[in-house]
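One line per chain: the protein sequences are C and H, in this order.
Going by this note's numbering, the first residue of the first sequence is number -4, and it counts up by one from there.
Going by this note's numbering, the first residue of the second sequence is number 43, and it counts up by one from there.
Where is the CB? At the ideal position from N, CA and C, for every residue including glycine.
This report refers to the structure that appears directly beneath it.
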Amino acid sequence: MRKLLGAFTALVLATLYAPIAVMTVFSFNDSKYSIRWTGFTLDWYRKLAADTVLHDELWNTLRLAAATTVLATVLGTIAALAARNAFRGKALYATLVALPVMVPDIVLAISMRSFFRWLDVPLSLLTAIIAHTTFNLSYVAIVVSARLQGLDRSIELAGQDLGASPVRAFWKVTLPAILPGVASGAVLAFTLSFDDFVITYFTVRPGSGTLPMRIYSMVRFGVTPEMTALSTVILLASLALIVTALKISRVPVAGGGR
Amino acid sequence: MKGRFLSLLVPPAAWLVIFLVIPTAVLAADAFSADGLRALTDPLTWHLFARSFRIALVSTALCLAVSYPVAYFIAGCGPRWRALLLFLVVLPFWTNLLVRTYALKFCLDPLGWSNCESAVVFALVQSFLPFMILPLYSSIEKLPKRLLEASQDLGASPARTFWSVTVPLTLPGIAAGCILVFIPILGIFALPEFISERTPMVGSQINLYFMKGSNRGAGSALTLILMVLTMTLTGLYSRYKKSEGLV
């Protein structure tokens, strides 16, 4: 029975990884019609490297993700800290914080789009940053809250009893203790923002596109070698990012690794 | 102390009111326009919701059927294998969904399996597996071994033990996984279009209304219905969690 389960698990993992592996291999294929292997080439990657529009899109994606990460990490951490206190309307507050995670992306994207139109604010990279911050704030708050739950509040109070001001107690005691949670939240926010398509698509000015938006518009032309090469680059970049983040901050990727 | 707390509460609360509550109100106002109300009686609207519901339901059920054995296997492994397998399950989640879908399309197209609902369901199940496996794993891992042994000692067959002890005890994980998979699929956009243009879901119609047809009222109505549906589902789920004493 156990062997059967093991074989099944291996099969499921293979379905997760096989398409990625096949795509990576065929991004080096010499043929324009990527189904048959005709020889090794780096041409498609050379074409990508020469594509200046693509460089702008990469720059937009990085700016969007970086700005979102800073804003969402600060606001999300504060939101998690505030939720530790009991106050009137806390249930409503908690629902508000969790809402962006609970509804599908498209709901948040459309409400944001309608909001900016109602205010007559033209869409730009800035409106996309605001939309991204709103949904990532929730993810950061959830991750940091989980970390705060494990924190013994008496340590902070002890710090204050020993004469540290609340601000100093926060910097010297609370922040170091929750830093791994804040770091995981930041990595999560950066990744989600970097990979997001739906929210960007509805809240950004059509001219200032991002990499995921390029993928969306390219797929309409079907499977092309340039698209295959670009997808491979994005995929490997994401994998490199998460593995580095893991090494640096020891972010628990899965909750089970304790 | 009170002042410090307020200064903590105000920035995120203000952000959420301005950029979440007000936008939702604007959305609702657009949805209750003449165009929006007309969309409610449009058969297309309900046809699309029916298809989205069907696709989300079938994908969630298949996801559960595939994930349970995997989560069960991982929970029974030693600590090193566990960590490795969980890492492998979660890793794709950290990469771009559209890129993964493109990779899948790259492999399915030559096989002739595209442009149909079954290919869309396959792609959705493949993409959302981690969201099902993780909650299942954490509730299977917590199963008290003694109860399983007791059941077998009392003469229950392995199948009977599984259905009368294991499944009921892991129901919280099953519920969490189903909600995490069902809700995003119900409102999904872009992924289904990659695999098949012939089976539009609610998300693709919202896109058409906003970006192509410029029928903002109808698009807002569909979005608001989607929001109400998903919030009802999460509301029911959190009541279930409370009744189980999980909160």
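Output the distance between the C-alpha atoms of residue i and residue j, rounded to the nearest integer angstrom.
i, j, result
"Val177(C)", "Thr203(H)", "42 Å"
"Gly252(C)", "Tyr179(H)", "Annotation note: pLDDT 32 at Gly252(C) (below 50); position unreliable, coordinate value reported separately. The straight-line gap from Cα to Cα measures roughly 12 Å."
"Gly250(C)", "Arg122(H)", "Legend: pLDDT at Gly250(C) = 40, less than 50; position of this residue unreliable, no value from coordinates given."
"Ala71(H)", "Ile182(H)", "45 Å"
"Phe164(H)", "Gly229(H)", "17 Å"
"Gly154(C)", "Arg163(C)", "9 Å"
"Ala145(H)", "Val108(H)", "21 Å"
"Val246(C)", "Thr83(H)", "Low per-residue confidence applies at Val246(C): pLDDT is 49, beneath 50, and the placement is therefore not dependable enough to give any value."
"Ile15(C)", "Ser238(H)", "20 Å"
"Thr219(C)", "Lys27(C)", "7 Å"
"Val182(C)", "Leu70(C)", "15 Å"
"Val63(H)", "Pro95(C)", "11 Å"
"Asp38(C)", "Tyr251(H)", "39 Å"
"Ile175(H)", "Phe165(C)", "37 Å"
"Val168(C)", "Leu48(H)", "20 Å"
"Ser156(H)", "Arg142(H)", "15 Å"
"Asn24(C)", "Lys283(H)", "51 Å"
"Glu159(H)", "Thr241(H)", "6 Å"
"Gly82(C)", "Leu132(C)", "The sequence given here has Phe at residue 82(C), not Gly. C-alpha separation (whole angstroms): 21 Å."
"Ala161(H)", "Gly255(H)", "28 Å"
"Leu153(H)", "Phe61(H)", "45 Å"
"Ser109(C)", "Val207(H)", "49 Å"
"Val100(H)", "Cys220(H)", "11 Å"
"Val59(H)", "Leu86(H)", "34 Å"
"Val131(H)", "Asn138(H)", "15 Å"
"Ser179(C)", "Ile229(C)", "21 Å"
"Ile105(C)", "Asp147(C)", "41 Å"
"Ile18(H)", "Phe21(C)", "What the structure shows of chain H is the stretch from 43 to 289, and residue 18(H) is not part of that stretch, so it cannot be assessed."
"Thr128(C)", "Leu66(C)", "6 Å"
"Gly202(C)", "Met18(C)", "29 Å"
"Pro200(H)", "Gln194(H)", "7 Å"
"Ala159(C)", "Lys85(C)", "28 Å"
"Ser94(H)", "Glu151(C)", "50 Å"
"Val48(C)", "Leu118(C)", "20 Å"
"Leu103(C)", "Trp32(C)", "43 Å"
"Val244(H)", "Val193(C)", "14 Å"
"Glu286(H)", "Thr72(C)", "29 Å"
"Ala73(H)", "Leu133(H)", "39 Å"
"Ser233(C)", "Cys119(H)", "28 Å"
What residue does the alpha helix (DSSP H) around residue i start on, and which one ends it?
i, result
"Pro158(H)", "In the sequence on display, residue 158(H) carries Cys and not Pro. No alpha helix (DSSP H) contains Cys158(H), which DSSP labels as neither H nor E."
"Met97(C)", "85 to 97"
"Lys27(C)", "No alpha helix (DSSP H) contains Lys27(C), which DSSP labels as neither H nor E."
"Asp191(C)", "Premise fails: Asp191(C) is in no alpha helix (DSSP H) and is neither H nor E."
"Val199(C)", "Here Val199(C) belongs to no alpha helix (DSSP H), and DSSP marks it neither H nor E."
"Tyr213(C)", "It should be pointed out that residue 213(C) corresponds to Met in this sequence rather than to Tyr. Start and end: 206 to 214."
"Phe82(C)", "Where Phe82(C) is concerned, there is no enclosing alpha helix (DSSP H), given that its DSSP letter is neither H nor E."
"Trp113(C)", "100 to 113"
How about residue i: is its Cβ closer than 7 Å to a heavy atom in the ligand ATP?
i, result
"Ala74(C)", "This structure simply doesn't include the ligand ATP, nor any ligand for that matter."
Contacting positions in the segment 46 to 58 of chain H - beta carbon closer than 7 Å to chain C: So the close ones are Arg46, Phe47, Leu50, Leu51, Pro53, Pro54, Ala55, Trp57, Leu58.
Chain H contacts made by the segment 54 to 81 of chain C, where a contact means CB separation under 7 Å: For the segment 54 to 81 of chain C, the set of positions with a beta-carbon nearer than 7 Å to some beta-carbon of chain H reads Leu70, Ile73, Ala74, Leu76, Ala77, Asn80 in chain order.
Unbroken stretches of the alpha helix (DSSP H), 4 residues or longer, contained in the segment 116 to 177 of chain C: Listed in chain order, they are 120 to 144, 148 to 156, 161 to 164.
Minimum length 4: unbroken alpha helix (DSSP H) runs contained in the segment 211 to 263 of chain H: As far as the segment 211 to 263 of chain H is concerned, its whole alpha helix (DSSP H) runs of at least 4 residues are 213 to 228, 233 to 237, 244 to 249.
Inter-stretch contact at 8 Å, needing at least 3 Cβ pairs: the segment 134 to 145 of chain C / the segment 165 to 176 of chain C: Counting Cβ pairs under 8 Å, three or more are found: they touch.
Cβ-based contacts, 7 Å cut-off: residues of the segment 122 to 135 of chain C near chain H: Contact annotation: in the segment 122 to 135 of chain C, residues whose CB is within less than 7 Å of a CB in chain H are Ile125, Thr129, Leu132.
Residues of the segment 163 to 180 of chain H with Cβ closer than 8 Å to any Cβ of chain C, in chain order: Cβ contacts with chain C come from Gln168, Leu171, Leu176, Tyr179, Ser180.
The segment 191 to 199 of chain C / the segment 72 to 81 of chain C touching (three or more Cβ pairs under 8 Å): Between the segment 191 to 199 of chain C and the segment 72 to 81 of chain C, the count of Cβ pairs shorter than 8 Å is below three; the stretches do not touch.
Segments of 4+ residues assigned as alpha helix (DSSP H) that fall wholly inside the segment 12 to 56 of chain C: Entirely contained in the segment 12 to 56 of chain C, the alpha helix (DSSP H) runs reaching 4 residues are, in chain order, 38 to 45.
Segments assigned alpha helix (DSSP H), at least 4 residues, entirely inside the segment 163 to 210 of chain H: As for any alpha helix (DSSP H) of minimum length 4 sitting wholly inside the segment 163 to 210 of chain H, the runs are 187 to 195, 200 to 203, ordered along the chain.
Residues from the segment 254 to 273 of chain H in contact with chain C, defined by Cβ distance under 8 Å: Correct list: Arg258, Gly261, Ser262, Thr265, Leu268, Met269, Thr272, Met273.
Any alpha helix (DSSP H) of 4 or more consecutive residues that is wholly inside the segment 51 to 134 of chain H: Those alpha helix (DSSP H) runs which fall completely within the segment 51 to 134 of chain H and span 4+ residues are 64 to 73, 76 to 82, 85 to 117, 121 to 132.
Cβ contact (3+ pairs, closer than 8 Å) linking the segment 200 to 217 of chain C and the segment 95 to 115 of chain H: As far as the Cβ criterion goes, the segment 200 to 217 of chain C does not touch the segment 95 to 115 of chain H, which means the pair count is below three.
Residues in the segment 116 to 146 of chain H having any Cβ partner in chain C nearer than 8 Å: Correct list: Ile116, Gly118, Arg124, Ala125, Leu127, Leu128, Phe129, Leu130, Val131, Val132, Leu133, Pro134, Trp136, Thr137, Asn138, Leu139, Leu140, Val141, Arg142, Tyr144, Ala145, Leu146.
Chain-ordered residues of the segment 166 to 192 of chain C with a beta carbon less than 7 Å from chain H: From the segment 166 to 192 of chain C, only Thr186, Asp190, Phe192 have a Cβ closer than 7 Å to chain H.
Residues in the segment 142 to 158 of chain C having any Cβ partner in chain H nearer than 8 Å: Cβ contacts with chain H come from no residue of the segment 142 to 158 of chain C.
Against chain C: residues of the segment 233 to 249 of chain H by CB proximity under 7 Å: Hits within the stretch, in order: Phe236, Gly245, Ile248.
Touching by the beta-carbon criterion (3+ pairs, under 8 Å), the segment 123 to 131 of chain H and the segment 266 to 277 of chain H: Flag = no, the segment 123 to 131 of chain H and the segment 266 to 277 of chain H do not touch.
Short-range partners of chain H found in the segment -3 to 18 of chain C, where Cβ spacing is below 9 Å: Within the segment -3 to 18 of chain C, the qualifying residues are Arg(-3), Leu(-1), Leu0, Gly1, Phe3, Thr4, Val7, Leu8, Thr10, Leu11, Tyr12, Ala13, Pro14, Ile15, Ala16, Val17, Met18.
At least 3 beta-carbon pairs within less than 8 Å: the segment 56 to 66 of chain C vs the segment 113 to 126 of chain C: Contact holds: three or more Cβ-Cβ distances are below 8 Å.
Residues in the segment 88 to 111 of chain H having any Cβ partner in chain C nearer than 7 Å: The residues in question are Val108, Pro111.
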